[in-house]
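Let me begin by presenting the structure, written as structure tokens, before commenting on it.
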Amino acid sequence: MHVILMGPQGSGKGTQAERLLPRLGLVSIATGELFRNAARLGTPLGLRAKSLMDRGELVPDDVTIGLVEEKLDALGVLRSRDPAVLGALYDGFPRTEAQARALDDALGRRSERVDSVVLIDVPRERLVERLAGRRVCANGGHVYHTVFNPPKVEGVCDICGAPLVQRADDTPDAVRRRLETYFRTTEPLLAFYRGRGLLKTVDGDAPIDEVTEAIVRAVQPVPSGAGRVG
Ligand code: AMP
0 MHVILMGPQG
10 SGKGTQAERL
20 LPRLGLVSIA
30 TGELFRNAAR
40 LGTPLGLRAK
50 SLMDRGELVP
60 DDVTIGLVEE
70 KLDALGVLRS
80 RDPAVLGALY
90 DGFPRTEAQA
100 RALDDALGRR
110 SERVDSVVLI
120 DVPRERLVER
130 LAGRRVCANG
140 GHVYHTVFNP
150 PKVEGVCDIC
160 GAPLVQRADD
170 TPDAVRRRLE
180 TYFRTTEPLL
190 AFYRGRGLLK
200 TVDGDAPIDE
210 VTEAIVRAVQ
220 PVPSGAGRVG
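Under numbering that gives the first Met the number 0, read the sequence shown as residues 0 to 229, first letter to last.
Next up, the structure:
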């Protein structure tokens, strides 16, 4: 199963991905997280990505697609060893039409396909407020909000005890640029997936647990025979 989470920065993709991965038996392919890890390690790719990320610009498609291909190869190995792993959950990828087409090709070569695309819909005016209060665990993935999703102890990750920090690209300037890029380049992808009958929309302005349940319902395959009359 391959599920794509779509939505602008601040819509809650990272928060929801954390909850959905164990529920759905999927592994994460979160390109932003992969780039941040590479930057922390100081690899050439990481250093190149960091300067673009900090300015709120996209990493070039060929680099991003290459990274996702590597993750798909690793996923293939993992699934051959662990039948509980059912596929991948994509967060922050694809962001351009070239990336969407490359993902189709990469999955097609593996006799797989995108099964669902879920848009987490949040009113535009709420996004900046959400991004300003966002805090992330210095170790990586865990996401909090000072008001809407605070940790138990201020400034400390509930899960691994690491300090919580603000992302380098959550500055007002970078946030403005990232949202502009989303609405110009990534939002048109919704039509691409809607046209294939894959797009489902959930209300992302609801409480976190409700959003999770709505996504789980949206990606469950419809049982054969369901909805048939007579
Ligand atoms: P995110 O954590 O998804 O908000 O991503 C953080 C940053 O990583 C973005 O602002 C981009 O600079 C870069 N990035 C993440 N995913 C992609 C992608 N699919 N294509 C290009 N750049 C990306």
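Backbone N, C-alpha and C fix where the C-beta goes; we use that ideal spot for every residue, glycine too.
Using alpha carbons as the reference points, say which of V174, A16 and R195 lies closest to Y89.
Per the Cα distances, A16.
Heavy atom of ligand 2 less than 6 Å from the Cβ of F34, yes or no?
Of the ligands this structure carries, namely ligand 1, none is ligand 2.
Where does V113 sit, in a helix, a strand or coil, going by DSSP?
If DSSP states are grouped into helix, strand and coil, V113 belongs with coil.
Spatial neighbours of R94 within its chain, please: C-beta separation below 7 Å, excluding the five flanking residues on both sides.
Same-chain partners within the cutoff: L57, T184 and T185.
Between L33 and L44, what straight-line distance do the alpha-carbon atoms span, to the nearest angstrom?
Their Cα atoms are separated by approximately 10 Å.
Would you say the beta carbon of R177 is closer than 6 Å to some non-hydrogen atom of ligand 1?
Within the cutoff, so yes.
Own chain, CB closer than 8 Å to P149, minus 5 neighbours either side, in chain order:
Exclusion of the five residues before and after P149 leaves Y143 as the residues of its chain whose Cβ lies within less than 8 Å of its Cβ.
Member of L130, D114 and V76 whose CA lies at the smallest distance from the CA of Y192
Relative to Y192, the option among L130, D114 and V76 whose CA is nearest is D114.
With a CB to CB cut of under 8 Å and the five nearest residues on each side skipped, what residues in its chain are close to G55?
Apart from the 5 residues on each side of it in sequence, G55 sits with its Cβ closer than 8 Å to the Cβ of D168, D172, A173, V174, R175, R176, R177 and T180 in its chain, given in chain order.
Alpha carbon to alpha carbon, what distance is there between K12 and V146?
Straight through space, the alpha carbons of K12 and V146 are spaced by roughly 17 Å.
Stretch pair the stretch 62–73 + the stretch 91–110: three plus CB contacts closer than 8 Å:
Taking 8 Å as the limit for Cβ pairs, the verdict is that the stretch 91–110 does touch the stretch 62–73.
For P162, I'd like the list of residues in its chain whose CB is within less than 7 Å of its CB, leaving aside the five on either flank, ordered along the chain.
Within the same chain, A137, G154 and V155 come within 7 Å of P162 by CB-CB distance, once the 5 residues on both sides are set aside.
State buried or exposed for K151, treating a residue as buried only when at least 16 other CB atoms are found within 10 Å of its CB.
If you draw a 10 Å sphere on the C-beta of K151, you find fewer than 16 other C-beta atoms in it, and that means exposed.
Comparing the CB of L51 with every heavy atom of ligand 1, is any distance shorter than 6 Å?
Flag set: Cβ of L51 near ligand 1.
Between the alpha carbons of I28 and P206, how many angstroms are there, rounded?
Going by the C-alpha atoms only, they are around 24 Å apart.
Compute every distance between the C-beta of V174 and the non-hydrogen atoms of ligand 1, then say whether any falls below 6 Å.
Not one heavy atom of ligand 1 falls within 6 Å of the beta-carbon of V174.
What is the DSSP secondary structure of T200, reduced to helix, strand or coil?
T200 falls in the strand class under three-state DSSP.
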